[in-house]
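Q: Heads up: the sequence shown begins at 1018 in the numbering used here, then just goes up one per residue. Think of the CB as a built atom: it goes at the ideal place given N, C-alpha and C, for glycine as much as any other residue. This one's a predicted model, so the numbers in the text were calculated from it and none came from an experiment. Got a structure for you, questions after.
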Amino acid sequence: MPLFEKVFNRSKPPEEERYLRANDKDFNVKFHYVNNRIKTSKYNIFTFLPINLFEQFQRIANAYFLFLLILQLIPQVSSLSWSTTVVPLMLVLIITAVKDAIDDYNRYKNDNQVNNREVMILTNGKLQREKWMHVQVGNIIKMENNHFVTADLLLLSSSEPYGLVYIETAELDGETNLKVKQALTVTSDMGENTQSLANFDGEVRCEAPNNRLDKFRGTLSYKENKYSLDNEKILLRGCTLRNTEWCYGLVIFAGQDTKLMQNSGLSAFKRTSIDRLMNVIVLWIFGFLVFMCSVLAIGNSIWESYKGYYFQVYLLWDYDTPNSSFSGFLMFWSYVIILNTVVPISLYVSIEVIRLGSSFYINWDSKMYYPKKNIPAMARTTTLTEELGQIKYIFSDKTGTLTQNIMLFNKCTINGKMYGHVYDFAGQRTVITAKTEKVDFSFNSMADSKFVFYDHSLVEAVKIGDPKVHEFFRLLSLCHTVMPEEKQKGVLVYQAQSPDEGALVTAARNFGFVFHSRTPETITLVEMGKSKIYELLSILDFDNVRKRMSVIVRCPDEKLRLYCKGADTIVFDRLNSSSQALRDITNTHLDEFAGNGLRTLVLAYKELDETYFAKWQKQHREASIALENRDEQLSELFEEIEKDLTLLGATAVEDKLQDGVPQTIETLSKAKIKIWVLTGDKQETAVNIGYACNMLQDDMSEIFTIEGNNSEAVRAELRKASALIRDEQDQTENEVISIKQPNKPVFLPEETVSREYGLVINGESLAYALEEDMEIEFLKTASLCKAVICCRVTPLQKAQVVELVKKYKQVITLAIGDGANDVSMIKAAHIGVGISGEEGTQAILSSDFSFAQFRYLQRLLLVHGRWSYLRMCRFLRYFFYKNFAFTLVHFWYGFFCGFSAQTVYDEWYITLYNLVYTSLPVLAMSLFDQDVNDRWSMAYPQLYEPGQINLYFSKLVFMKCILHGVYSSLVLFFIPYGALFEAVRDDGKTVSDYQSFALIAQTCLLVAVTLQIALDTTHWTAINHFFAWGSLAVYFAITFTMYSNGMYLMFPTSFPFIGTARNALNQPHVWLTIFLTATMCVLPVVIMRYLNAELRPTFSDKLRYKITQIKMLPPKPKISHLKRPSTRRSAYAFAHQRGFGALITSGTNMRSNLKPSKILYFR
């Protein structure tokens, strides 16, 4: 590929800095920046043929067959027609080229669809509608609400106050919650004045195009001033504009230079481990072929010297053969042609057909179809299916892959009473099902119809006016940073940076405490149908250290209250003494919530004294404008006021996992597959999901957390963890150095430990762990753990982790994700899987397989992957056996024909053997065979293990196939030879001629290999029977036809075996010879398989025996909620970004010039 890239793509030198001027095409064009046209296809009409042929001839076998074709064109060497090679070679090249062309054409169509989208470009002071592909760096474009961002833009102005815009980044990172971007004030003041925007001539200097989604550095020079640019002022291609009527942006990066495309370039050319092994085996076979041809060539030279010399009296040598040595040289190349069938080209045709069939099975599997969104599973490549049966490591994203990014208010505890369970008439808890009666919220006209709750007692407590319950929901409706939008009268839509907050505010809304609107100074609630306005005095914002947030409000009754919510360990330490008894009860409830994998928050409040608050507020105002130690002063003030709180209760929110995720992870773990989660989320969130989906468990011996902020700290933590796992002392420096710098690539063996461990590492520590002198130490420690979670990692780090495992582990890896930030690891892994849901398409476009739900992964691997691997291995074992048995008969015959390169079989038989007689039975086995059906495959994940250790096809298995083939070739040659030696027909005429021997030998061979395929087939279908026995019938039909008088009379030179079939096959001793030969070929196989099944049965053997005994299917797996005991809780119902409270109180995101009832609020 690099060769053609140089020829057809003249690449420009690497860009070090991006420099551009707005609205100045002449200035920008001299830098030769790319336009906004994207191209994910590999070929065009001119490059397709050379590049595709170059890729195909990288396969050693294809180059070998091309070499054979050249040999067959030399008359002095060839003993077979050149058509026997050129036809199958052309067939392989054409089939592969057509498949590649179709795949690339689909990519081309997708590109065209995107490139032809329309956008408004500001040209000469006027807005003109243009296609995306025509957008250039330096253009100013206008985008409207709900439109995709066209390119990477510097935000200039928007319809929202202070140049704010709200974007959804699902296409980039899989997160559906909104993010805020803000323009510079100097550009925001231009608004939508097209004349001002057209006159804008700011110059931007920034970083060169790169794939870092979370960073941007640059400067804007405008009117002799410089302004700093960062990621908060950049809109990335792939984002969607939300709740913003319009915005203008300056194109910084376009097309292939955008960060989205930098993360999703051309996919690497992937080969399976079997492909790589096949290349090695083919080289071995070439060596063996050279050895056989050399033996026969030497034999020919010797024979010509001692025997053939005397034949010259009546059989002269050709003019071109002056002596015996040259004759041997020519015979060498003749035997290369004759014996080339040890690696027939039909092998590769068959492999492509098998893989194509396996891909269709995945596409057609109704059990991997997601009806809610009409999304089927899709095999986006047809070359990797058998590798799905060999996966050892899975690398998974979290948001959108394991979770739905949906939070549900599940349970709560208020004043010591737990709500959320359903009880029967006997007072016993019952399981909530689809038939369980839901709470009726019809009493509340402003309730969210999508909200579901089942405990009716909580609604009753609200209706009867329980003061603690009312205060609980009042807190939830006041203490947050959610923004409302009233799209239609009475129809509220909440938008929050954290879905947790949205879930809690929605719960309060449905229970009668509706958060209706806010201004920088007030919050308006509708409490049980009555509108109440609370004066918002202060927001004590959340951060990762505080792990809580509070609001101070003046209630309608003029009382001052502080409402606080946060992590239990934080809030419990700030309670007053009167809450001790309630704290103990609440703590018990929290244990139960955590045991169900729910995310918990503790709620508390406090009434404030007017005099004290006035003094505190003055101090707070002074600290807020302090130039030095501002954060420390504010933190001290927050600590001072957030104490002596009164406990109200706690909430329990379910981070909605995708259906079946815990069961899928448990099943894959039983298959000895290790699962690592690589996520950009913060540590607490990732760890909590690890517990929720049963990756991490409380009964693990230890869960190691690597949090070092320098190289030595990380190294010390890794060594400590490794020592504890191995029950050893810390490794010495010498031991570490010995594995630091290996002289050659080393592979770390898979190790097992008696206990279970988990490992959690953050992105900063991971950066040190991936350094060259520490990467092996990190990998050795991590691979000893059952579960590994890497949090706060960048897309590049995700790929680095995958590459690290590939580099030092002889295992097959799979990466699964749903966003553009997962593309790098999807491409880096041997197999890439994209989740196709609501989170965009970038991961899917770069993936090898895609489906809608994580739970389908177990079916993809345990059923389709395992069957594909099993079928491919059986196919290869059989194919090599039958071709060695077929070819080596020529070798033995060479010792009886003066090493003259005469073929044993009829030339037509040689041509049709692999293409017709033996192709369909092995294809039927390779497409339909299965040791057990899909239900048993899912019920017993242990069946998956053989693929991970290459049990069914390896170099050793190949050598066994060769030995079997050598033995069979000896039987196939010498038994017919002995049986026909001086044999006569019933009428006394001889049948020991060459043609009769050729017919009997080839018939014995076909019967033997057909019996072998029958032994190899486990699951018989009508197609298997038809192809296996039908191929024998076709052979006899073709043989009698080609050896008939009529064919000889029409084509005397092409069909010389006139009458051989009817003269030989009507003799009883010939059929006895065929029976004896075929029996002797398969007898050792039958004996060995019987002994292995009795003495060393595999798990598959035992299971098949069990199935035959019970004669029934396994029970259908039940999807049940996996409950675990836990003492661990988490608190996450806050915005992921600090400081959003300051944005609210400042009024920056409010339209202060509109009346409150008509405010268009933040989404």
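So is S1555 buried or exposed if we call it buried at 16+ other beta carbons inside 10 Å?
A: Walking along the sequence shown from the start, residue 1555 turns up at place 538. Buried, because 16 or more other Cβ atoms sit within 10 Å of the Cβ of S1555.
Q: Specify the secondary structure class of C1581 as computed by DSSP and reduced to three states.
A: The residue you call residue 1581 lines up with position 564 of the sequence shown. Looking at C1581 - three-state DSSP - the assignment turns out to be strand.
Q: Please report the distance separating the alpha-carbon of G1282 from that of D1128.
A: Counting from one through the sequence shown, the residue named residue 1282 turns up at place 265. Counting from one through the sequence shown, the residue named residue 1128 turns up at place 111. Confidence in G1282 is poor, its pLDDT being 48 and thus under 50, which makes the residue's placement too unreliable to answer from.
Q: Per DSSP, which residues does E1224 bridge with? Please list them.
A: Mapped onto the sequence shown, residue 1224 falls at position 207. For E1224, which the question treats as bridged, DSSP gives the partners E1034.
Q: Does Y1440 pass the burial test, meaning 16 or more other C-beta atoms within 10 Å, or should it be called exposed?
A: Mapped onto the sequence shown, residue 1440 falls at position 423. The residue is exposed, with fewer than 16 neighbouring Cβ atoms inside 10 Å.
Q: Taking K2119 as part of the alpha helix (DSSP H), name the residues at either end of that continuous run.
A: Taking the sequence shown and counting its residues from 1, one reaches residue 2119 at position 1102. Note, K2119: alpha helix (DSSP H), F2116 to I2127.
Q: Could you give the residue range of the beta strand (DSSP E) that holds L1664?
A: Along the sequence shown, read from residue 1 onward, the residue named residue 1664 stands at position 647. Looking at the DSSP string, the run of the beta strand (DSSP E) that includes L1664 is T1663 to L1674.
Q: Secondary structure at K1699, three-state DSSP: helix, strand or coil?
A: Along the sequence shown, read from residue 1 onward, the residue named residue 1699 stands at position 682. Residue state, collapsed to three classes: coil.
Q: Starting from W1925, trace the alpha helix (DSSP H) in both directions and tell me its first and last residue.
A: Counting from 1 along the sequence shown, the entry for residue 1925 is found at position 908. Taken as a continuous stretch (DSSP letters only), the alpha helix (DSSP H) holding W1925 covers E1924 to L1929.
Q: Just curious, the alpha helix (DSSP H) that Q2029 is in, first and last residue?
A: Along the sequence shown, one-based indexing puts residue 2029 at 1012. Where Q2029 is concerned, the enclosing alpha helix (DSSP H) stretches over Y2011 to D2033.
Q: Under 7 Å, do I1742 and E1734 count as touching if we go by C-beta distance?
A: For the purposes of this step, residue 1742 is identified with residue 725 of the sequence shown, where counting begins at 1. For the purposes of this step, residue 1734 is identified with residue 717 of the sequence shown, where counting begins at 1. No, the Cβ-Cβ distance between I1742 and E1734 is not below 7 Å.
Q: So what does DSSP say about S1596, is it helix, strand or coil?
A: One-based indexing of the sequence shown puts residue 1596 at position 579. Helix.
Q: Measure the Cβ-Cβ separation of T2020 and I2091 and say whether it is below 7 Å.
A: Residue mapping note: residue 2020 aligns to position 1003 of the sequence shown, counting from 1. Residue mapping note: residue 2091 aligns to position 1074 of the sequence shown, counting from 1. The answer is yes: Cβ separation under 7 Å.
Q: By the 10 Å Cβ neighbour count, where 16 or more other Cβ atoms means buried, how is Y1873 classified, buried or exposed?
A: Taking the sequence shown and counting its residues from 1, the one referred to as residue 1873 is at position 856. So Y1873 counts as buried.
Q: Are S1341 and S1311 close, meaning C-beta to C-beta below 7 Å?
A: Translated into positions along the sequence shown, residue 1341 becomes position 324. Translated into positions along the sequence shown, residue 1311 becomes position 294. For S1341 and S1311, no; Cβs fall outside 7 Å.
Q: With DSSP as the reference, label W1301 as helix, strand or coil.
A: The residue given as residue 1301 occupies position 284 in the sequence shown. Here W1301 sits in helix by DSSP.
Q: Terminal residues of the continuous alpha helix (DSSP H) containing Y1873?
A: Your numbering for residue 1873 matches position 856 in the sequence shown. Run containing Y1873: Y1873 to R1876, per the alpha helix (DSSP H) assignment.
Q: Looking at C-alpha atoms only, which residue of N1242, R1229, V1166 and C1223 is the closest neighbour of T1202?
A: Locating residue 1202 in the sequence shown gives position 185, counting from the first residue. Nearest C-alpha to T1202: N1242.
Q: Rounded to whole angstroms, what is the Cα-Cα separation between V1949 and R2121?
A: On the sequence shown, residue 1949 is found 932 positions in, with the first residue counted as 1. On the sequence shown, residue 2121 is found 1104 positions in, with the first residue counted as 1. So the alpha carbons of these two residues sit roughly 7 Å apart.
Q: To the nearest angstrom, how far is the alpha carbon of L1171 from that of N1260?
A: For the purposes of this step, residue 1171 is taken as residue 154 along the sequence shown, with counting starting at 1. For the purposes of this step, residue 1260 is taken as residue 243 along the sequence shown, with counting starting at 1. Using only the alpha carbons, I get a separation of about 19 Å.
Q: Are D1483 and T1523 touching if we call contact CB-CB under 7 Å?
A: Residue 1483 sits at position 466 when you count from the first residue of the sequence shown. Residue 1523 sits at position 506 when you count from the first residue of the sequence shown. Their beta carbons are not under 7 Å apart, which means D1483 does not touch T1523 by this criterion.
Q: Where are the beta strand (DSSP E) runs, 3 residues long or more, that stay fully inside the stretch 1500–1566, in chain order?
A: Within the stretch 1500–1566, the complete beta strand (DSSP E) runs of at least 3 residues are 1500–1505, 1508–1512, 1530–1535, 1539–1544 and 1547–1557.
Q: Would you mind stating whether D1274 and A1039 have Cβ atoms separated by less than 7 Å?
A: Along the sequence shown, one-based indexing puts residue 1274 at 257. Along the sequence shown, one-based indexing puts residue 1039 at 22. The answer is no: Cβ separation not under 7 Å.
Q: Short of 8 Å in beta carbon distance, which residues of its chain neighbour M1942, apart from the five on each side in sequence? Order them along the chain.
A: Counting from one through the sequence shown, the residue named residue 1942 turns up at place 925. R1888, R1891, F1892, Y1895, I2030, D2033, T2034 and N2041.
Q: For L1968, which residues from the same chain have a beta carbon less than 7 Å from its beta carbon, with the 5 sequence-adjacent residues on both sides left out?
A: As a working mapping, residue 1968 is identified with position 951 in the sequence shown. Nothing meets the Cβ criterion.
Q: What are the partner residues of D1414, as DSSP defines its beta bridges?
A: Taking the sequence shown and counting its residues from 1, one reaches residue 1414 at position 397. Its beta-bridge partners do not exist; DSSP assigns none.
Q: Compute the Euclidean distance between the alpha carbons of L1662 and Y1825, then round it to the nearest angstrom.
A: The sequence position of residue 1662 within the sequence shown is 645, counting from 1. The sequence position of residue 1825 within the sequence shown is 808, counting from 1. Their Cα atoms are separated by approximately 54 Å.
Q: Which two residues bound the contiguous alpha helix (DSSP H) that contains I1658?
A: Within the sequence shown, residue 1658 is the residue found at index 641, counting from 1. Its alpha helix (DSSP H) spans residues R1647 to I1658.
Q: Straight-line CA distance for Y1122 to H2086?
A: Locating residue 1122 in the sequence shown gives position 105, where the first residue counts as 1. Locating residue 2086 in the sequence shown gives position 1069, where the first residue counts as 1. Cα to Cα, Y1122 sits roughly 60 Å from H2086.
Q: For the putative contact between L1001 and L1878, defined by C-beta atoms under 8 Å, what is the C-beta separation to the nearest angstrom?
A: The displayed coordinates of the chain run from 1018 to 2180. Any statement about residue 1001 would go beyond what the structure contains.
Q: Less than 8 Å between the CB atoms is what I'm expecting for L1620 and K1582, so what's the real figure, rounded?
A: Indexing the sequence shown from 1 puts residue 1620 at position 603. Indexing the sequence shown from 1 puts residue 1582 at position 565. Yes, L1620 and K1582 are in contact; Cβ-Cβ is about 5 Å, under 8 Å.
Q: CA-CA distance, Y1957 and N2109?
A: Along the sequence shown, one-based indexing puts residue 1957 at 940. Along the sequence shown, one-based indexing puts residue 2109 at 1092. Each residue's Cα considered, the two are about 21 Å apart.
Q: Quick one: using the 10 Å Cβ neighbour count with 16 as the cut-off for buried, is D1231 buried or exposed?
A: Indexing the sequence shown from 1 puts residue 1231 at position 214. Exposed.
Q: Between A2045 and P1938, is the Cβ-Cβ spacing less than 7 Å?
A: The residue labelled residue 2045 in the question sits at position 1028 within the sequence shown. The residue labelled residue 1938 in the question sits at position 921 within the sequence shown. Yes, Cβ-Cβ distance for A2045 and P1938 is below 7 Å.
Q: Can you say whether H1847 is buried or exposed, counting buried as having 16 or more other CB atoms within 10 angstroms of its CB?
A: Position 830 of the sequence shown holds residue 1847. Buried.
Q: Would you mind sorting S1755 into buried or exposed? The rule is 16 or more other CB atoms within 10 Å of its CB.
A: Mapped onto the sequence shown, residue 1755 falls at position 738. With a pLDDT of 38 at S1755, under the threshold of 50, the predicted position of this residue should be treated as unreliable, though the coordinate-derived value follows. The residue in question, S1755, is exposed, as its Cβ has fewer than 16 Cβ neighbours within 10 Å.
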